[in-house]
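Have a look at the structure below before the remarks.
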Amino acid sequence: MSVFSPGTPVRSAVGKVFSDPPMPRIPGRGNGPTEAARSTAKDGWRNQLEVFVTTHGEPVWELIQSVPLLSRTANKALTNIAIMKFPTRPEPLSTMADYTSWDSLTDRTFSSRHLPPASAAGSSLPPVEEFEALFTRTEFVESPKSTVLFSYFAQWFTDGFLRSDRATPPDARRNQSNHEIDLTNLYGLNPDVARQLRTLEAGLLKSQEIGGEEFPLYLCENGEIKPEFSNPHLKPVQFDEQSLETRNQLFAMGSDTSNLQIGFVMHNVLFLREHNRIARLLGEAYPGWDDERLFSTTRNILTVVLMKIVIEDYINHITPTIFELSLDPASFPNERWYRQNWMAIEFDLLYRWHSLVPSSYAIGGQSIPIGETLYDTETVTKYGLGALFEDASEQIAGQMGLVNTPPELWYVEALSINMGRTVNLRSYNDYRELSKTPRVTDFDQITGDVNVRDQLRKLYGHVDNIEFYVGLFAEEVPANGVCPDLLGRMVSMDAFSQVYTNPLLAPRIYNEETFSPLGMDIITSTKTLSEIVNRNVPQRDGGYYVSLTRKDWKRSY
Ligand code: HEM
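Heads up, the sequence shown is in numbering that gives the first Met the number 0, so the first residue is 0 and it goes up one at a time.
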């Protein structure tokens, strides 16, 4: 099916009805009839050595992990190696122009870019519609490692800072991001939005009780947005196309996409509860604090708690390494890469992990088509947060890569390919080179999937013509990893340098004075999403099972 039309506004087709039946499932790609050996000739000796060292010798890594000084040294070294795979910020160019100007170095409504534009990208490329078979799944390929919760978290977390232009039609060069991990999805893009979501008493966010659990307030009354939520940033994307019934069950939440999908709603509700929980604890511990101080300190604590989870739960799930990374702000007081964060257009594209999305969601013992999980808060209030996080932790996500995007989301892939063309991104091979990795010279160096190779050959003729977005997902996912190689290198570099340059982690700010002793305690004692879920849902014997990693995942050697 092709619903792509050039110039379609951001997320414009989200509201369309998805009705395709669930796909059959096959385990993660193996050596099936369409698999042949991939040549590693162009993997680069340094990459190969790093992968070997970090994924072998478990007893040695366990020893390093157990000795604090060694562990800190390894943590710092591995983080620095990941960031230094690419040139450091600031990038000389943004999407504003193909030369550097003061405006282009400072106007962050344009996206930054890792490589200058190609001179004539797009002119000789096949039409986007011809890529449908290359992206779309016919059979669901399971991720050997990840659960659906991982895809929910990735989608929600990135929505806080990867925010394309919302204009109609959208300008591919522009963004609507604060360029920081600041929980935009919970607090909104600016203080005016936050103000409408706050009770302005005791540092709390507005909430209501439904079925004994805490949820955000409803956004609408009789299908109209309530005057207290009049800020235009609170109007959900596609709002005008929703029925009265759908509108009336939308929640008032910080981002215009917070209601978009059930995974967003779950995470927003969870973080709202954690915000109010922390604010209440601070209120008891520091009775002299006013609403503003309680709100601001809670936000600071929660933002750092999120970054802890990102490194210690999420990144540790993504990376194939044996050593478990930790958030250690004191290790990076003065690094060469310590420069202001700025979302790159390449980062926005490489994070579009739509192949993780299963063909239908398993919720409350039922199989729910993707389309029915959009703009739906009723499922969340009906089943409760604990049960939904558990369901998502027990369902297997899709394997990241080509030929595995649900057909319903092909149009998003088409928009993404088109976006890369509009801003004249350089080729996949150029980005390999930028990451200090040799250029591929043959299709068999990219993937062992013969079908993918054949399609790439047919579409591009030569490996040098492969586009960035397509090449990223054409590569194989390495053993024990989650992302294909180049994508994984780019995600690590951007994610680490984004987290560690957050002002809340700076040497004179990451302390008890900013967060309070109680806040520091909450930060240092939180490591996983499971902890946050289990302390914010009605208690159940044994708690709820919450995991980004599959229960049956085992490291392979
Ligand atoms: C039911 C699941 C999902 C639906 C319906 C969905 C839908 C969409 C749509 C319609 C867009 C806008 C495309 C455009 O206008 O260019 C988009 C963008 C995006 N998606 Fe998804 N998506 C889903 C899952 C995911 C997942 C699992 C991830 C993983 C990280 C993800 C990451 C992104 C990113 C980073 C963008 C770009 C955001 C921006 O620049 O504003 N999505 N998605």
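No residue lacks a Cβ here, since even glycine has one placed at the ideal position from N, Cα and C.
Beta-carbon proximity check, residue i vs residue j, cutoff 8 Å
i	j	result
residue 193	residue 202	no
residue 349	residue 490	yes
residue 271	residue 281	no
residue 475	residue 446	yes
residue 71	residue 254	no
residue 402	residue 136	yes
residue 148	residue 414	no
residue 235	residue 249	yes
residue 422	residue 105	no
residue 344	residue 123	no
residue 252	residue 230	no
residue 81	residue 492	yes
residue 97	residue 115	yes
residue 195	residue 228	yes
residue 514	residue 275	no
residue 506	residue 286	no
residue 162	residue 339	no
residue 356	residue 65	no
residue 385	residue 532	yes
residue 313	residue 152	yes
residue 33	residue 448	yes
residue 158	residue 245	no
residue 174	residue 108	yes
CA nearest to the CA of residue i, picked from the options
i	options	result
residue 539	383, 114, 131, 306	383
residue 156	230, 341, 399, 306	306
residue 389	528, 417, 339, 111	528
residue 400	338, 221, 481, 460	481
residue 486	542, 504, 317	317
residue 416	387, 466, 180, 238	466
residue 406	385, 434, 369, 73	369
residue 138	268, 393, 397	397
residue 358	181, 409, 351, 336	409
residue 303	287, 325, 477	325
residue 494	284, 79, 42	79
residue 310	552, 525, 426, 507	525
residue 184	232, 150, 166, 221	232
residue 555	92, 84, 319	319
residue 362	284, 392, 244, 346	392
residue 334	112, 500, 153, 273	500
residue 145	279, 190, 44, 395	395
residue 472	503, 502, 404	404
residue 90	522, 166, 337, 450	337
Residue i to residue j span [Cα, whole Å]
i	j	result
residue 323	residue 63	10 Å
residue 545	residue 367	20 Å
residue 518	residue 297	8 Å
residue 430	residue 176	24 Å
residue 458	residue 125	7 Å
residue 418	residue 171	6 Å
residue 75	residue 520	23 Å
residue 511	residue 496	24 Å
residue 86	residue 433	8 Å
residue 549	residue 127	34 Å
residue 200	residue 380	25 Å
residue 435	residue 470	16 Å
residue 47	residue 530	35 Å
residue 35	residue 351	27 Å
residue 30	residue 37	Note that residue 30 scores 43 on pLDDT, short of 50, meaning its location in the model is unreliable; the coordinates nonetheless yield the value given after this. Roughly 11 Å between the two C-alpha positions.
residue 462	residue 420	17 Å
residue 178	residue 210	37 Å
residue 536	residue 542	9 Å
residue 460	residue 371	40 Å
residue 218	residue 117	44 Å
residue 291	residue 205	14 Å
residue 269	residue 387	11 Å
residue 477	residue 346	20 Å
residue 428	residue 283	57 Å
residue 49	residue 42	11 Å
residue 553	residue 44	27 Å
**OP:** Pair every Cβ in the segment 127-147 with every Cβ in the segment 437-445, then say whether three or more of these pairs are closer than 8 Å.
**Re:** no
Original post:
With a cut-off of 8 Å, do at least 3 Cβ pairs link the segment 371-378 to the segment 253-267?
Top reply: yes
**OP:** Could you say if the segment 51-68 and the segment 446-456 meet the contact criterion of at least three C-beta pairs nearer than 8 Å?
**Re:** no
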